[in-house]
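Residue numbers for the sequence shown follow the UniProt record's numbering, beginning at 1 and rising by one. The C-beta atom is built at its ideal place from N, Cα and C for all residues, glycine as well.
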Amino acid sequence: MEVRFHGVRGSIAVSGSRIGGNTACVEVTSQGHRLILDAGTGIRALGEIMMREGAPQKATLFFSHLHWDHVQGFPFFTPAWLPTSELTLYGPGANGAQALQSELAAQMQPPHFPVPLSTMRSRMDFRSAMHARPVEVGPFRVTPIDVPHPQGCLAYRVEADGHSFVYATDVEVRVQELAPEVGRLFEGADVLCLDAQYTPDEYEGRKGVAKKGWGHSTMMDAAGVAGLVGARRLCLFHHDPAHGDDVLEDMAEQARALFPICEPAREGQRLLLGRAA
């Protein structure tokens, strides 16, 4: 199983970053099958990579939630425009299929976009991803769990080839308040990709407006949770748009005091079975 980060930023895309400025998009591949986790602005670059591979293209997309930084790249995902592409798209929640299709269509309606979703010629199959109901996709077993975030969000555990990758963007976790079912989803992950948008000072309001209840975690809580669940490696994710590279590196360094195998997720970074490629 290979994981590749195409978008690691939260909230809004930024420029001029070595670590990466595109919003959330993570690719997971194994045995010729491709999963795409979220469709932030990072999915545009992934689409170009897929185009260089040649048609036809087949992929399964899982959306954590429908906030705009997780869907805004979809209109620029070139494979979605081609009749040779086959896309299965999982929206979050019991009504996820309808909600996802409606959201993708809404962001492409006037005055937001020049052409509608209906002009995309790929074959799209909209489905619902529901709490604690695993989905089998080729060699993958994908398990969604509800996590704390305004308007709701799903974290996903992806298992294949005897390894596991957990994608937990947009989640407000505290070590002392970790829900048992969330802990079980994270438990023993080879790679735990976890929201770490804020510093403790930002979260508590010692620096700027307090961020409690905004649906995001600190890097110290992320590190504490990684240790608690026995993860092997932690990738800090959903970087704040106000944080430059030096700040993100410093946040990771502080987090290593609690969990040594920790780093900021980087755009373009590849992970093979839990080790850097």
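Asked	Found
The beta strand (DSSP E) enclosing R127, as first and last residue numbers	R123 to A129
Distance between P139 and R275 (C-alpha atoms, nearest Å)	At R275, the pLDDT of 48 sits below 50, so the modelled position is not reliable and the matter cannot be decided from this model.
Stretch-stretch touch, CB-based, cutoff 8 Å, three pairs: the region 14 to 26 with the region 64 to 72	yes
One or two residues paired with I12 in a DSSP bridge	Beta-bridge pairing links I12 to no other residue.
Element boundaries [alpha helix (DSSP H), containing Y203]	P200 to E204
Delimiting residues of the beta strand (DSSP E) encompassing A155	C153 to A160
Own chain partners of G188 with C-beta closer than 8 Å, once the 5 adjacent residues on each side are dropped	S164, V229, G230, A231 and R232
Contact under 8 Å by Cβ, G47 with T78	yes
Neighbour-count burial assignment, S30, 16 or more Cβ in a 10 Å radius	buried
Through-space distance from D240 to G21, alpha-carbon basis	10 Å
Three-state secondary structure assigned by DSSP to S118	helix
Rounded C-alpha distance that separates residue 287 from Q269	A query on residue 287 cannot be resolved here, the shown segment of the chain reaching from 1 to 277 and no further.
Helix, strand or coil at F62 according to DSSP, with G and I counted as helix	strand
Cα-Cα separation between M219 and A105, rounded to whole angstroms	35 Å
Short Cβ contact (8 Å threshold) for M108 with P75	yes
Inter-residue Cα distance where the pair is L192 and F259	12 Å
For S11 and E202, the rounded distance between their alpha carbons	16 Å
Backbone CA spacing between P150 and P114 [nearest angstrom]	30 Å
Alpha-carbon spacing of Q197 relative to A222, whole angstroms	10 Å
P92 burial status per 10 Å Cβ neighbour count (16 or more: buried)	buried
Residue nearest to C235 in terms of C-alpha spacing, selected from E263, L37 and M251	E263
Identity of the residue in A99, L194, S118 and N95 nearest L82 by Cα	S118
Status (buried if at least 16 other CB within 10 Å, exposed otherwise) for K211	buried
Through-space distance from A242 to A277, alpha-carbon basis	Low per-residue confidence applies at A277: pLDDT is 42, beneath 50, and the placement is therefore not dependable, though the value from the model is reported in the following sentence. A277 and A242: Cα-Cα distance of roughly 28 Å.
Rounded straight-line distance, which links the Cα of I43 to that of R133	26 Å
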